[in-house]
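Okay, so here's the structure we're looking at.
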Amino acid sequence: MQMPTFPGFWAPAGWLADLASAARLLTRLPLGRDPAPSGEAAASHPARCYPLVGAAVGLLAGLAYALGAWLALPPFAAALLALAAAMLVTGALHEDGLADVADGFGGGRDPQRKLAIMRDSRIGSYGVLALALVLAARGGSLTALAAPGAVLAALVAAHALSRGGLAAILWALPPARSDGLAVATGRPRGADALAGLALGVLPVLLLLEFPVALTAIVAAGVLQGVLALQARRQIGGVTGDVLGAAQQLGEAAVLLVACAGLA
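See below:
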C-alpha cells in the first residue's frame, strides 16, 4: 500500500520542527524561539504535534499525582498537585482561553464586542464560573479515579485527545480576527488535521478500556464541535482563546468519562 504523498508530510525534520514549535506554543518550557521555517519543514503545520505535547503534559501531571500519593496525600490533595503541575507547565494558557471565551460569549452583544471582551485581560463572572466548574470536574474526576496508575492513564489520554481536535478546528474555521494566535499559526492542511486527530485518539485507545475510550472520544468531539459551531456563529471563526476553551472542555470530558467508567 502506497502512502499519500503530501509534500513534506513524512519528513522527519518536519515532524521534529513541528514538535518543537508546538511545545514552544503550548508550554512555558525554555525552548527558545522558533527558527524561520524552510523546505519540507515549512510545508506542514505544528498543530499535528499538539497531541504529542499534550501527552507529555499529561504524563508530568500524572507523575505529580503519583508523587502526592507516594507522600501519602489524600486523593483530593494529590489531584490538586496534578492540576497545578499541568498549569505550571502550560502557564495556564488554556484556562485563560476558557475564561475569556466564557466572558466574551456570555457578555458581548455583537461579534466586535465579544472579541473585545475576550481580549480584555480582566476576568468576569462568566469566566470565573466556567473556570470553577471545569476545574472542579477535572479535580473531582482525578479524586474519584484515585489509583495513581488509573490517574496517569486518564491524564495522558485526556491531554492528548483534547489537543487532537485543535488542528481540526483550525482547519475548519477561519480566523475571527486579522491578528492574534489563530492568524500567527496559520491554517493547517487537511492532512495535518487528520494527523492531529489520529495522534490524539491513539493514546485514548491504548490507555483506556475500549468502551470508555470510545465514549470519551465521542464526548470530547461533541463538546469541541459544539464550541466550534458557537465560535463560528458568535464571532465568525476561531481565536487562540477558542482553542484554549476547546482543550479544557475536551480534557474535562475525557476525565469525567474515565471516572464514570469505574461505576
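The numbering of the sequence shown is our numbering, which starts it at 5 and goes up by one.
Backbone N, C-alpha and C fix where the C-beta goes; we use that ideal spot for every residue, glycine too.
Going by the beta-carbon positions, is the gap between A51 and A171 smaller than 7 Å? yes
From which residue to which residue does the alpha helix (DSSP H) around R237 run? 214–239
C-alpha gap between P79 and T31, whole angstroms: 26 Å
Would you say A224 and V138 are within 7 Å of each other, going by their C-beta atoms? no
Pick helix, strand or coil for P78, following the three-state DSSP scheme. coil
Around the C-beta of F214, are 16 or more other C-beta atoms found within 10 angstroms, so that it is buried, or is it exposed? exposed
First and last residue of the uninterrupted alpha helix (DSSP H) at V242: Segment: none, V242 is in no alpha helix (DSSP H) and carries neither H nor E.
Cβ-based burial, V230 [other Cβ within 10 Å; buried from 16]: exposed
What does the alpha-carbon distance come out to for the pair A17 and A86? 33 Å
According to DSSP, is P178 part of a helix, a strand, or is it coil? coil
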